[in-house]
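*Asks:* Dropping the structure in here first, questions after.
Residue numbers (the working numbering), protein chains in the order written: chain X, 479 to 848; chain R, 18 to 623.
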């Protein structure tokens with residue numbers, strides 16, 4: 479189960495997630511409870527295995543509010559006892575007290591949004607902490623939690639080989655169990671898009687970034703992390719159980735603006751702005767803007783699209799209705815796609831070309847329908 | 018009633034933005050030709066695009082009735098002249114229909130190169146020229162200096178130059194008085210054989226071709242059998258009329274008058290500007306002087322943005338051709354771009370106009386390849402050929418000699434930019450300075466011989482850039498000259514891409530080739546494999562740049578709330594890629610075919 483906390487101290491330039499800089503926490507969480515109530519029937523016969531507070535910046539709001547969410551879930555979901563509760567942290571909001579409070583609440587995994595270590599790189603994209611703050615928060619998180627993730631983004635403005643080396647040195651000093659390594663994607667809606675268009679900022683060349691990504695991946699492998707998903711690396715046994723549910727296309731619920739859920743064959747995505755979110759809840763309606771019951775093929779497309787992201791891959795038996803297309807794409811990308819023990823998966827090379835392969839997959843499906 | 022002594026036929030010589038249209042509007046107002054309520058600013062600028070671009074290719078003529086101080090009512094016909102260098106032949110034909118010209122010069126800008134060229138043309142045609150300085154109401158008007166420039170140009174006395182503010186109406190009446198007094202009435206015999214000069218033709222969906230004419234001798238009326246002299250085609254006149262400024266039918270048009278003829282002509286190419294209309298039964302022995310076949314000077318390939326729109330592009334070109342006899346096109350096939358057309362234009366502006374009209378009026382995206390001129394090639398076996406498509410340029414081994422068109426290029430500029438302009442033309446554009454002349458106190462006319470190929474793209478903008486916008490230019494075809502030209506073929510992933518090849522002077526081959534391959538490297542997206550971009554001339558590779566293989570194309574982030582959005586995004590990307598042209602295994606975006614033009618733009622931004 480995912481709970482979105484759409485508040486941030488300030489907006490980062492690359493971010494296209496929904497969040498606002500100021501907000502009335504009290505109001506928001508009371509509405510969030512109303513949304514939870516609207517799902518009482520689903521919750522009543524579900525077992526909540528994982529809970530994830532994402533954002534925005536969940537660590538910005540007083541723990542009291544998160545506690546209210548957990549209490550509410552305890553009343554709605556029978557036998558609420560998730561095996562993994564994660565919260566996302568932004569370095570500037572981390573204090574020892576806060577982490578202790580999280581522990582008391584039952585949080586057993588934290589994900590720290592490091593993104594980069596170098597001050598110039600951080601400043602360049604509007605992150606509001608410096609390296610010292612970052613190191614303190616990392617040390618603190620590792621001290622109090624065993625299951626810790628650090629997020630990194632490659633390809634940011636001001637990035638050089640040297641700044642990326644600082645990232646890996648940082649991981650040497652503060653080794654978490656889990657690392658997410660993303661490549662910058664600039665959405666048209668992100669403020670960075672305009673800055674780049676106007677020439678005020680520039681990105682490192684694609685070739686440089688590829689090189690750094692390769693080096694970073696090798697570094698992680700040598701440190702004992704397994705690339706169990708395109709962008710996610712973990713010491714064996716420390717994978718994110720919550721995220722694996724997404725990639726295995728299992729059932730999950732998402733609450734809060736822009737959150738999405740998947741129940742059976744139904745997929746929904748909530749409206750992304752707070753005003754509409756409130757208005758819909760005021761009217762007693764579930765606050766989604768997209769709601770669709772997938773046909774078998776659609777469901778299987780999603781299953782393969784998400785499942786191919788992982789090292790374990792997708793059991794072919796789950797892809798029966800699009801079997802012909804899977805056959806075809808296997809043929810076309812013999813260098814990237816493999817089958818083992820009845821599961822289709824991307825090898826490392828395939829993971830690096832994932833967008834290209836997924837695009838082709840979508841295209842094949844469309845051609846097949848015509 | 019018909020009295021040729023009370024007719025005055027004039028045109029207005031003016032640079033773009035010097036106020037010609039405003040002046041005509043004011044004249045329409047003073048003579049009560051157009052109802053005030055119906056009065057629309059700038060009546061003559063009808064075509065939407067021309068209005069937007071602030072240029073008139075050629076507007077309708079207008080007839081106004083002016084009651085002069087001497088008590089007589091005069092019929093004044095104002096014939097429009099195109100304002101761009103691409104259309105100088107048509108300017109000459111418009112002038113041939115007149116006895117006088119108003120030379121209108123903006124007091125804030127002074128005499129421009131084109132004004133000079135057109136003035137000489139008017140003098141050649143024996144027109145009575147009435148100089149007038151416009152925009153005298155503006156605070157930065159420099160009447161004194163402008164007058165000096167006009168005197169240098171025409172050798173007239175100060176008192177012969179009129180001062181006008183077309184915007185405020187000042188001096189317009191005086192101008193009309195001068196027209197009546199100084200411009201002679203048309204000569205011509207009413208009882209002579211019909212001789213009418215075609216100075217324009219427009220296509221109308223309902224009426225067919227509307228021929229704009231000036232009658233020199235004789236009379237024409239509905240029912241008459243007429244003949245176009247150049248192709249000897251015979252038609253029966255259905256309607257004749259005048260422009261008031263709406264088309265208004267009249268009983269007949271007589272010697273000295275200006276108006277239109279509708280005679281069931283199907284295509285404007287059958288009513289060629291400069292041709293003579295005469296009686297089919299009693300034709301004149303010789304046509305009116307000055308007619309020539311207009312030949313396109315600039316050529317480019319035009320391809321539909323998506324191959325499936327080929328038919329629609331063909332229809333659009335055919336429709337445009339109905340109204341534009343100078344447009345030339347023939348089907349072509351390019352291994353790279355598929356079916357399309359090889360098009361010929363009068364010049365770069367004409368090319369832009371055609372492209373814009375197709376994109377705007379017919380809503381079709383087109384790929385236009387870099388323009389080139391018409392080359393003459395003599396082969397070793399003695400055979401001569403004309404080349405308008407670089408991909409058809411023969412192998413080096415078989416060529417004996419190549420000739421390229423040269424023009425008389427004149428540039429008027431403030432003296433301080435003279436050095437920069439000479440440098441531009443001589444060092445970058447292979448021109449040579451032939452003469453300089455004074456034009457007023459601070460300005461100078463530079464006359465060059467220059468290859469047309471060098472000025473058909475990127476020259477105008479470069480000239481404006483080095484002169485901070487002050488210089489103006491004009492050119493006219495002069496002659497073919499022997500030249501050391503070489504064809505550069507571009508290979509993408511080792512396959513020649515015909516639509517990217519170009520012809521260039523040997524001295525510039527290396528530098529241009531290098532820039533083009535670099536530009537292509539920027540414009541072509543990376544693929545899963547390395548793509549060499551090579552330029553080849555004289556059988557050797559003269560420039561190369563490699564597009565590195567795309568080793569990573571990662572969809573880095575996808576979690577629960579993203580599934581739908583990311584799938585949609587993939588869909589969109591896939592659609593975007595469909596718009597790229599696939600050549601060999603390489604997808605090439607449309608803008609790559611204009612790489613040659615783009616390197617010019619960059620130089621100008623530097």
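We put the CB at the ideal spot given by N, CA and C, even for glycine.
Counting only beta-carbon separations shorter than 8 Å, does residue 393(R) have a partner in chain X?
*Replies:* Judged by the 8 Å Cβ criterion, residue 393(R) is not in contact with chain X.
*Asks:* Taking the continuous beta strand (DSSP E) assigned at residue 324(R), which residues delimit it?
*Replies:* Careful: residue 324(R) lies outside any beta strand (DSSP E) and carries neither H nor E.
*Asks:* Classify residue 740(X) as buried or exposed, calling it buried when 16 or more other Cβ atoms lie within 10 Å of its own Cβ.
*Replies:* It counts as buried.
*Asks:* Taking CB distances under 8 Å as the criterion, tell me whether residue 621(R) reaches chain X.
*Replies:* With a pLDDT of 49 at residue 621(R), under the threshold of 50, the predicted position of this residue should be treated as unreliable, and no value is reported.
*Asks:* Any beta carbon of chain X sitting closer than 8 Å to that of residue 578(R)?
*Replies:* Cβ-Cβ to chain X under 8 Å: yes for residue 578(R).
*Asks:* Taking just the CA atoms, how far does residue 104(R) sit from residue 663(X)?
*Replies:* Going by the C-alpha atoms only, they are around 50 Å apart.
*Asks:* Near residue 597(X), which residues of its chain fall below 6 Å by C-beta distance, leaving aside the five closest residues on each side in sequence?
*Replies:* Hits under 6 Å: 608, 609.
*Asks:* Name the residues in the segment 492-506 of chain X whose C-beta lies less than 8 Å from a C-beta of chain R; which are they?
*Replies:* Flagged: no residues at all.
*Asks:* In the DSSP assignment, what residue or residues form a beta bridge with residue 25(R)?
*Replies:* Answer is 93(R), bridged to residue 25(R).
*Asks:* Less than 7 Å between C-beta atoms, sequence neighbours within five positions excluded: which residues of the same chain meet that for residue 759(X)?
*Replies:* Closer than 7 Å at Cβ, skipping near neighbours: 509, 512, 513, 765.
*Asks:* Taking a Cβ distance cut-off of 7 Å, strictly less, list which residues of the segment 557-588 of chain R are near chain X, in chain order.
*Replies:* Residues 565, 568, 569, 570, 571, 572, 573, 574, 575, 576, 577, 578, 580, 581, 584, 587, 588.
*Asks:* Indicate the three-state DSSP secondary structure (helix, strand or coil) for residue 706(X) in the structure shown.
*Replies:* In the structure shown, residue 706(X) sits in a strand (DSSP, three-state: E or B).
*Asks:* Grab the span of the beta strand (DSSP E) containing residue 345(R) for me, first residue to last.
*Replies:* First-last of the beta strand (DSSP E) with residue 345(R): 345-351.
*Asks:* Looking only at C-alpha atoms, which of 354(R), 165(R), 125(R), 536(R) sits nearest to residue 458(R)?
*Replies:* Out of 354(R), 165(R), 125(R), 536(R), 165(R) has the C-alpha closest to the C-alpha of residue 458(R).
*Asks:* Just the Cα atoms here: how many angstroms apart are residue 62(R) and residue 97(R)?
*Replies:* Because residue 62(R) sits at a pLDDT of 47, beneath the cut-off of 50, its placement in the model cannot be relied upon, and the following sentence gives the value as read from the coordinates. Their Cα atoms are separated by approximately 10 Å.
*Asks:* Is the beta carbon of residue 354(R) closer than 8 Å to that of residue 320(R)?
*Replies:* Cβ distance < 8 Å, so residue 320(R) and residue 354(R) count as in contact.
*Asks:* Whole-angstrom Cβ separation of residue 181(R) and residue 189(R), contact assumed at under 8 Å?
*Replies:* Correct: roughly 6 Å between the Cβ atoms.
*Asks:* Find the nearest neighbour of residue 32(R) within the set 615(R), 571(R), 135(R), 602(R), judged by alpha-carbon distance.
*Replies:* It is 135(R) whose Cα lies nearest to the Cα of residue 32(R).
*Asks:* State the Cα-Cα distance for the pair residue 475(R) and residue 113(R), rounded to the nearest angstrom.
*Replies:* Roughly 33 Å separates the two Cα atoms.
*Asks:* By the criterion of Cβ-Cβ separation under 9 Å, what are the contact partners of residue 591(R) in chain X?
*Replies:* Under the 9 Å cutoff, chain X gives 837, 838, 840, 841, 844.
*Asks:* Label residue 66(R) either buried or exposed according to how many other C-beta atoms from any shown protein chain fall within 10 Å of its C-beta, with 16 as the threshold for buried.
*Replies:* Residue placement at residue 66(R) is poorly supported in this model, since its pLDDT is 49, which falls under 50; the coordinates still yield a value, given next. Result: exposed.
*Asks:* For residue 480(X), which residues in chain R fall below 9 Å Cβ to Cβ?
*Replies:* Within chain R, the residues near residue 480(X) are 576, 577, 578.
*Asks:* Taking only three categories from DSSP, how would you classify residue 391(R)?
*Replies:* Residue state, collapsed to three classes: coil.
*Asks:* Is the beta carbon of residue 460(R) closer than 8 Å to that of residue 432(R)?
*Replies:* In contact: residue 432(R) and residue 460(R) (Cβ atoms closer than 8 Å).
*Asks:* My assumption, with CB atoms under 8 Å, is that residue 152(R) sits in contact with residue 187(R). Please give the rounded CB distance.
*Replies:* Not confirmed; about 10 Å, so no contact.
*Asks:* Around the Cβ of residue 817(X), are there at least 16 other Cβ atoms within 10 angstroms (buried) or fewer (exposed)?
*Replies:* Counting Cβ neighbours within 10 Å, residue 817(X) comes out exposed, since fewer than 16 surround it.
*Asks:* Do residue 779(X) and residue 800(X) have their C-beta atoms within less than 8 Å of each other?
*Replies:* Cβ distance < 8 Å, so residue 779(X) and residue 800(X) count as in contact.
*Asks:* Which residue or residues does DSSP assign as beta-bridge partners of residue 504(R)?
*Replies:* Paired residues: 520(R).
*Asks:* When the Cα atoms are used, what is the spatial distance from residue 611(R) to residue 537(R)?
*Replies:* Distance between the alpha carbons of residue 611(R) and residue 537(R) is about 9 Å.
*Asks:* Would a C-beta distance cut-off of 8 Å place residue 804(X) and residue 840(X) closer than the cut-off?
*Replies:* Going by C-beta atoms, residue 804(X) is not nearer than 8 Å to residue 840(X).
*Asks:* Expressed to the nearest angstrom, what Euclidean distance is found between the alpha-carbon atoms of residue 389(R) and residue 247(R)?
*Replies:* Approximately 29 Å between the Cα atoms of the pair.
*Asks:* Contact defined as beta carbons within less than 8 Å: I believe residue 257(R) pairs with residue 277(R). What is the distance between those atoms, to the nearest angstrom?
*Replies:* About 7 Å separates the two Cβ atoms, so the contact holds.
*Asks:* Listing by chain order, which chain R residues have their CB less than 9 Å from the CB of residue 830(X)?
*Replies:* Ordered by position in chain R, the residues that pass the 9 Å Cβ test against residue 830(X) are 568, 569, 570, 571.
*Asks:* For residue 68(R) and residue 149(R), I'd like the C-alpha separation in whole angstroms.
*Replies:* Residue confidence is low: residue 68(R) scores 46 on pLDDT, short of 50, so the model does not pin down where it sits. No coordinate-derived value is stated.
*Asks:* Could you pull the start and end residues of the alpha helix (DSSP H) that residue 803(X) belongs to?
*Replies:* Where residue 803(X) is concerned, the enclosing alpha helix (DSSP H) stretches over 801-810.
*Asks:* Helix, strand or coil for residue 618(X)? Go by DSSP, reduced to three states.
*Replies:* Reduced to three states, the DSSP call for residue 618(X) is helix.
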